[in-house]
Amino acid sequence: MSGTCLNIVGWSATSPFGFGRVAFAEGVCAGRATDASIDEAQWSIPAGRACVVPDFDVRATLGKKGTRTMNRLTGLAVSTVGDLLDAVNRDAPPEEIGLVLGTTLGSAQSAMDLTRGSLTATEPFRVESGLIPYAVMNGAAGQCAIWHNLRGPNATLAGGRAAGLLALNYARRLLLTGRARTVFAGSAEEYSEARQWIAQAAGESGRVLGEGCAMFALTTAPVPDPVVELHAVRAMSCPDGDWRSGVRRCVEHVLSTIGVAADQVWAACPSGAAGKAGLGERAGLGDVVPDKVVLAPVTELVGETEAVSAMFQLAAVLSLAERDPASAGRFALITSIDDGGTVAAALLRLPVRNS
1 MSGTCLNIVG
11 WSATSPFGFG
21 RVAFAEGVCA
31 GRATDASIDE
41 AQWSIPAGRA
51 CVVPDFDVRA
61 TLGKKGTRTM
71 NRLTGLAVST
81 VGDLLDAVNR
91 DAPPEEIGLV
101 LGTTLGSAQS
111 AMDLTRGSLT
121 ATEPFRVESG
131 LIPYAVMNGA
141 AGQCAIWHNL
151 RGPNATLAGG
161 RAAGLLALNY
171 ARRLLLTGRA
181 RTVFAGSAEE
191 YSEARQWIAQ
201 AAGESGRVLG
211 EGCAMFALTT
221 APVPDPVVEL
231 HAVRAMSCPD
241 GDWRSGVRRC
251 VEHVLSTIGV
261 AADQVWAACP
271 SGAAGKAGLG
281 ERAGLGDVVP
291 DKVVLAPVTE
301 LVGETEAVSA
311 MFQLAAVLSL
321 AERDPASAGR
331 FALITSIDDG
341 GTVAAALLRL
351 PVRNS
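If you count the sequence shown from 1, position 308 lands on 308 in the UniProt record's numbering, and the numbers rise without skipping.
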């Protein structure tokens, strides 16, 4: 979807760099890698490396009330939404604040725990009832709304690596059709034993997995100093595996939405997908914009974060732009591809800061 410009008025992230926007920006700008040896006392998986949020514990972060069975994915999302609420001016009533959360499949760990409990219990229905709300895909988004009293539209989108851009697109539709005055859009991914085992079973044991959550506040209302303007989001399918052509077409589409030339692009940030898909994505970007504006993938610093990867890409672009005066008034591209056959791109205009 493209057309009317939307303002992003705030953002926050919980990432392997730490808690909050400042920690993320400092980590990205310093180029600090976050992979570390897995704590085998905490995770029941073979020795390896991962990029996890440091010192994150759901009950320590959110308190003990209502968190006994809350999974890591939900804790990351609830905590990040709370940080974003603190960062933005909440002038819209609760019923006019929507939330859109991108995911891969919700919490693989909770789904597997619930299934295992049903299979091993004396009777299949004798499961831990507290796990059920978190084993469904939209559990995290629902808990964010309940926890923070957000009573506007609430949606969960499963899109893998492209989930964040799909969430932005859905948020655009809510805003442009008057369903909400403000929408919090983003995505979340947890690190877990289940996710690590899934990666190994798929022959992807060489990937370093990461986790986190990033959320952005969007509005159609005019604001004097937006963080960034969102001008277009586009998602396409790539059923034939020709990622280069798919990315090129998607990028050309978002640029043509408002007539942006390639030399007006300050930065383009690819998803950094592994293998041929990632190479095709990088080549497709290079077909449209100069190589010098293509940034190194954020995955090199925070690992394969799947559903939250596109939102970390956006957060990285904003973090770098804040420290580069040459970005003022120019455009940034975010691209993402997912193994399921989705190609997505977003076009944003960076602000001119008053000195």
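Beta carbons are placed, not taken as given, at the ideal position from N, Cα and C, and that holds for glycine.
Just so it is clear, the structure is predicted and the values come from calculations on it, not from any experiment.
query                                                                                                       : result
Through-space distance from Leu-175 to Thr-219, alpha-carbon basis                                          : 7 Å
Within the stretch 219 to 272, ranges of the alpha helix (DSSP H) (whole runs, at least 4 residues)         : 243 to 257
Backbone secondary structure at Met-70 - three-state DSSP                                                   : coil
Sequence-distant residues of its chain with Cβ nearer than 6 Å to Ala-316 (five each side left out)         : Val-28, Val-298
Contact under 8 Å by Cβ, Leu-301 with Thr-34                                                                : yes
Cutoff 8 Å; reference Gly-286; Cβ partners in own chain excluding five residues on either side              : Val-294
Test item: CB-CB of Ser-107 and Asn-71 under 8 Å                                                            : yes
Nearest to Val-76 (by Cα), restricted to the options Thr-103, Glu-95, Ile-97                                : The question names Val, but residue 76 in the sequence shown is Leu. Looking at the Cα atoms, Thr-103 is the closest of the given residues.
When Ile-334, Arg-330, Glu-229, Gly-203 are compared against Gly-275, the one with the closest alpha-carbon : Gly-203
Reference Ala-171; option with closest CA among Asn-154, Ala-145, Ala-162                                   : Asn-154
Proximity winner among Leu-279, Gly-341, Glu-304, relative to Gly-241 (alpha-carbon distances)              : Gly-341
Opening and closing residue of the alpha helix (DSSP H) in which Ser-110 lies                               : 108 to 120
Bridge partner(s) assigned by DSSP for Phe-216                                                              : Trp-11, Ala-185
Span separating the alpha-carbon of Val-227 from that of Gly-20                                             : 16 Å
Neighbour-count burial assignment, Thr-4, 16 or more Cβ in a 10 Å radius                                    : exposed
Stretch pair the stretch 337 to 353 + the stretch 269 to 283: three plus CB contacts closer than 8 Å        : yes
Through-space distance from His-231 to Met-1, alpha-carbon basis                                            : Model confidence at Met-1 stands at a pLDDT of 43, short of 50, so the residue's coordinates are unreliable and nothing is read from them.
Whole-angstrom distance between Leu-168 and Arg-179, CA atom to CA atom                                     : 15 Å
Rounded straight-line distance, which links the Cα of Ala-328 to that of Ala-321                            : 8 Å
Whether Glu-189 touches Val-58 by CB criterion (8 Å)                                                        : no
For Gly-102: DSSP bridge partner residues                                                                   : Leu-157, Ser-187
Buried versus exposed, by CB contacts within 10 Å (16 or more), Glu-128                                     : exposed
Terminal residues of the beta strand (DSSP E) in which Arg-59 lies                                          : Counting along the chain, Arg-59 falls outside any beta strand (DSSP E), though it belongs to the alpha helix (DSSP H) covering 58 to 62.
Distance, Ser-187 Cα to Thr-61 Cα                                                                           : 19 Å
Residues near Val-9 by beta carbon distance below 7 Å, same chain, minus five either side                   : Val-88, Ala-217, Thr-219, Val-223, Pro-226, Val-227
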